[in-house]
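Chains as they are written, first to last, in our numbering: chain A, 52 to 153; chain B, 5 to 562. Built from N, CA and C at the ideal position, the CB exists for glycine as well. What follows is a set of notes on a single structure, which appears directly below.
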Amino acid sequence: MKILTANRLIDGEAVWLAPDYSWSETIDVAEVARDKDAEARLEAVGAEAIRRNRVVDVNLVDVELVDGAIVPIRLRERIRAAGPTNRLDLGKQARPGAASAV
Amino acid sequence: MYRYDEFDHAFVAARVAEFRDQAGRRLSGELTEDQFKPLRLMNGVYLQLHAYMLRIAVPYGTLSSKQLRMLAHIARTYDKGYGHFTTRQNIQFNWPALKDIPDILEELASVEMHAIQTSGNCIRNVTADHFAGAAADEIADPRPYAEILRQWSSVHPEFSYLPRKFKIAVTGAERDRAAIQTHDIGLHVKKSADGRLGFAVYVGGGQGRTPMVAKKIRDFLPEADLLFYTTAILRVYNLHGRRDNKYKARIKILVHETGAEELTRQVEAEFAALKASGEDLKLPQADIRAIDRYFAPPELTERAEGWGAVAAERKLDAGFDAWLRRNVVEHRNPDYASVTISLKGIGEVPGDATDAQMDAVADIAEKYAFDELRVSHEQNLILPHVARADLKAVFDALVAIGLATPNAGLVTDIIACPGLDYCALANARSISVAQEISTRFGSQEKQEEIGDLKIKISGCINACGHHHVGHIGILGVEKKGTELYQITLGGSADENTSIGEIVGRGFAADEITNAIETVVETYLAHRAGRDEDFLAAYRRLGAAPFKEALYGSEARAA
Numbered sequence: 052m053k054i055l056t057a058n059r060l061i062d063g064e065a066v067w068l069a070p071d072y073s074w075s076e077t078i079d080v081a082e083v084a085r086d087k088d089a090e091a092r093l094e095a096v097g098a099e100a101i102r103r104n105r106v107v108d109v110n111l112v113d114v115e116l117v118d119g120a121i122v123p124i125r126l127r128e129r130i131r132a133a134g135p136t137n138r139l140d141l142g143k144q145a146r147p148g149a150a151s152a153v
Numbered sequence: 005m006y007r008y009d010e011f012d013h014a015f016v017a018a019r020v021a022e023f024r025d026q027a028g029r030r031l032s033g034e035l036t037e038d039q040f041k042p043l044r045l046m047n048g049v050y051l052q053l054h055a056y057m058l059r060i061a062v063p064y065g066t067l068s069s070k071q072l073r074m075l076a077h078i079a080r081t082y083d084k085g086y087g088h089f090t091t092r093q094n095i096q097f098n099w100p101a102l103k104d105i106p107d108i109l110e111e112l113a114s115v116e117m118h119a120i121q122t123s124g125n126c127i128r129n130v131t132a133d134h135f136a137g138a139a140a141d142e143i144a145d146p147r148p149y150a151e152i153l154r155q156w157s158s159v160h161p162e163f164s165y166l167p168r169k170f171k172i173a174v175t176g177a178e179r180d181r182a183a184i185q186t187h188d189i190g191l192h193v194k195k196s197a198d199g200r201l202g203f204a205v206y207v208g209g210g211q212g213r214t215p216m217v218a219k220k221i222r223d224f225l226p227e228a229d230l231l232f233y234t235t236a237i238l239r240v241y242n243l244h245g246r247r248d249n250k251y252k253a254r255i256k257i258l259v260h261e262t263g264a265e266e267l268t269r270q271v272e273a274e275f276a277a278l279k280a281s282g283e284d285l286k287l288p289q290a291d292i293r294a295i296d297r298y299f300a301p302p303e304l305t306e307r308a309e310g311w312g313a314v315a316a317e318r319k320l321d322a323g324f325d326a327w328l329r330r331n332v333v334e335h336r337n338p339d340y341a342s343v344t345i346s347l348k349g350i351g352e353v354p355g356d357a358t359d360a361q362m363d364a365v366a367d368i369a370e371k372y373a374f375d376e377l378r379v380s381h382e383q384n385l386i387l388p389h390v391a392r393a394d395l396k397a398v399f400d401a402l403v404a405i406g407l408a409t410p411n412a413g414l415v416t417d418i419i420a421c422p423g424l425d426y427c428a429l430a431n432a433r434s435i436s437v438a439q440e441i442s443t444r445f446g447s448q449e450k451q452e453e454i455g456d457l458k459i460k461i462s463g464c465i466n467a468c469g470h471h472h473v474g475h476i477g478i479l480g481v482e483k484k485g486t487e488l489y490q491i492t493l494g495g496s497a498d499e500n501t502s503i504g505e506i507v508g509r510g511f512a513a514d515e516i517t518n519a520i521e522t523v524v525e526t527y528l529a530h531r532a533g534r535d536e537d538f539l540a541a542y543r544r545l546g547a548a549p550f551k552e553a554l555y556g557s558e559a560r561a562a
């Protein structure tokens, strides 16, 4: 399973592509691609968002579902989705109810 | 310290305007990311895991109170209330929005600062001994030469697109606190037998995936020839450096592949040709001395009362006594001292300071330290000139802001790169490892029992945390999706620079602190006495007892 992530051009905020093709600031609503066709669709949307200067550094990342929640396989992506592990008051994890990376 | 002249002001203002235009064109879509990326990098703007990162130059680590207050203001206004001081004596902000960066640069320009050439394949911020101008063992202040090199290298048309980045460090003391042998060019200020100033020149040092100790290619270069010689080195590098492979593009690889002797011959030939060519690179004495005047030490009045005051106060305050032992060093004027402000509180993030701390340190520097500060490559702040009579007041003021940890040079004075918590290149976390080790060894008594020990941690092979030259180095890698930490021992970045040796297989994140404790306990068990520090003991003992302690029978089998 994969999701599409990027950084927003204007401020660098880490974002994830949602089912309505908007860019979400949190990973929990990311659209999950479960096959190659779905991955290709996400990549096409990402390419268009780059062309329209909405985002930069677009990448597909591997995820799994843990108790229904989207969790990246790699620690790097878990930290992107949550924030620095040494400062739980920074990044997405600082939002009410958000989870930390570790 | 150096003050911008009319040219400097106009130059930096023009660059701010240029970047404002470039950022605006990027945001409007006129520039693609591929077009914009090299432009933003030339202005210190990276894209990291969570956001953009802005790296601001602190030339040769020298700051005024006004400049530090501006950094506090930027942290508070445009970022998240803190900044991170780096191993290149710079500062990084981890959360600025691209749309705000032109405004940040404009604010920086108002206090004579910028972010030019803090990234890209160009000559980076020239670094220097953080005790420059104050050290008791100094031959000459290295900063005038660093400033000359800064002016010469800023948007140098020939050297703005080198095969790879290029780093220069200068020291003016016998004891190397600027790690010159790990730089592309290292300059050691010397005085000839007849009293002339000049440099021993080292070339081809570096860390990263292929660590190398620089080779000395000149015993004495007269100061007037500095730009002739550095131009000659850069020309040889620019011509022959490997542009086909970024991992082999640093000058250290050229030195290694060409051989130091042949490279020296090429540099000397280019140097001779340049001097014969009539190219106007000779540094006139009058110009050097004019730059010198910017770095003239403050007028240090006699403050002999400090000796008695300090002796009395240290008896009454054990914390002050420990701080004097570790964070205060001799100044060339006996009534004064240089102070290390540790940014390594126990269990805290190496190199981080809050906006409030930066403001408070600026106040302290203004009141007690002639308005001057330094950033050390070991990620601490320095007050170079403090009267001994004022040390207790400085200490008390630092206690009030949580920056009086008496650990300079001890096991908890750890260098760590941002690692996987921030950096897009990292494979493993560094900060969390540093915090855990710091907490484990946090007892002052234990730290002082261990003595001088430099631990340096990098979160990837690029070695921004200088692990290769740590007495104990830790390199984080990713193996099968998890963090793994490799230990090196015996590295050093002083006048006897050495690259640490890998001691064996790596350790998992939850094992590394125990492993470091094993290394330290092995040292304590084997040292000849308290006078034999970790590095000396390692050089005497070799790796065997440490391997035995870490790996037991596994080490014996190997």
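For this session: Run the CB neighbour count on residue 70 (chain A), radius 10 Å, all protein chains shown included, and call it buried at 16 or more, exposed below.
Result: exposed
For this session: Consider the C-beta atom of residue 346 (chain B) and the heavy atoms of the ligand PLP; say whether any pair is separated by less than 7 Å.
Result: The ligand content of the structure shown is nil, which means the ligand PLP is not present either.
Exercise. Start and end of the alpha helix (DSSP H) containing residue 195 (chain B)?
Worked result: Premise fails: residue 195 (chain B) lies in the beta strand (DSSP E), 189-195, not in any alpha helix (DSSP H).
Exercise. Whose CA, out of B:485, B:451, B:64 and B:202, lies closest to the CA of residue 131 (chain B)?
Worked result: B:64
Problem set entry | Candidates B:391, B:23 and B:354: closest to residue 459 (chain B) by CA position | B:354
Exercise. Mind checking if residue 141 (chain A) is an interface residue toward chain B, Cβ cutoff 8 Å exclusive?
Worked result: yes
Exercise. Hey, quick one: how far does the beta strand (DSSP E) through residue 251 (chain B) stretch, first residue to last?
Worked result: Segment: none, residue 251 (chain B) is in no beta strand (DSSP E) and carries neither H nor E.
Exercise. Which residues, in chain order, does the stretch 65-93 of chain B contribute to contact with chain A at a C-beta distance below 8 Å?
Worked result: 84
For this session: Run the CB neighbour count on residue 193 (chain B), radius 10 Å, all protein chains shown included, and call it buried at 16 or more, exposed below.
Result: buried
Problem set entry | chain B contact residues for residue 64 (chain A), given Cβ-Cβ distances below 7 Å | 55
Exercise. Is residue 530 (chain B) closer than 8 Å to residue 554 (chain B) when the C-beta atoms are compared?
Worked result: no
Problem set entry | DSSP-derived helix/strand/coil call for residue 222 (chain B) | strand
Problem set entry | For residue 329 (chain B), the first and last residue of its enclosing alpha helix (DSSP H) | 322-331
Problem set entry | Span of the alpha helix (DSSP H), counted from its first residue to its last, around residue 452 (chain B) | 448-454
For this session: Measure how close the beta-carbons of residue 336 (chain B) and residue 140 (chain B) come, nearest whole angstrom, since I'm counting them as under 8 Å.
Result: 5 Å
Exercise. So, is the C-beta of residue 279 (chain B) closer than 8 Å to a C-beta in chain A?
Worked result: no
Exercise. Taking DSSP as the reference, what is the three-state secondary structure of residue 9 (chain B)?
Worked result: coil
Exercise. Comparing alpha-carbon positions, which option in B:377, B:316, B:33 and B:129 lies nearest residue 99 (chain A)?
Worked result: B:33
Exercise. Can we say the stretch 354-366 of chain B touches the stretch 63-77 of chain B, given the rule of at least three CB pairs closer than 8 Å?
Worked result: yes
Exercise. Along the stretch 116-142 of chain A, what residues have a CB closer than 8 Å to any CB found in chain B?
Worked result: 124, 125, 126, 127, 130, 131, 134, 135, 136, 137, 138, 141 and 142
For this session: Assess, as a yes-or-no matter, whether the stretch 375-392 of chain B is touched by the stretch 104-120 of chain B under the definition of 3 or more beta carbon pairs within less than 8 Å.
Result: no
Problem set entry | Three-state class that DSSP yields for residue 477 (chain B) in the structure shown | strand
Exercise. Would residue 54 (chain A) count as contacting chain B if we go by Cβ distances under 8 Å?
Worked result: no
Exercise. Secondary structure at residue 58 (chain A), three-state DSSP: helix, strand or coil?
Worked result: strand
Problem set entry | Listed by chain order, chain A residues near residue 487 (chain B) by CB distance under 9 Å | 126
Problem set entry | Below-8 Å beta-carbon distance, residue 433 (chain B) vs any chain A residue | yes
Problem set entry | Same chain only: Cβ atoms within 6 Å of residue 170 (chain B), ignoring 5 sequence neighbours per side | 127 and 188
Exercise. What number of angstroms, rounded off, separates the C-alpha of residue 9 (chain B) from the C-alpha of residue 62 (chain B)?
Worked result: 17 Å
Problem set entry | chain A contacts from the stretch 28-44 of chain B (Cβ-Cβ distance under 7 Å) | 31, 33 and 37
Problem set entry | Interfacial residues, the stretch 436-454 of chain B to chain A, with Cβ spacing under 8 Å | 436 and 439
Exercise. What residues in the stretch 89-120 of chain A bring their beta carbon closer than 8 Å to a beta carbon of chain B?
Worked result: 101, 103, 104, 107 and 108
Exercise. What residues match up with residue 110 (chain A) in a beta bridge as DSSP calls it?
Worked result: A:56
Problem set entry | Inter-residue CB distance, residue 478 (chain B) and residue 491 (chain B) (contact presumed, cutoff 8 Å) | 6 Å
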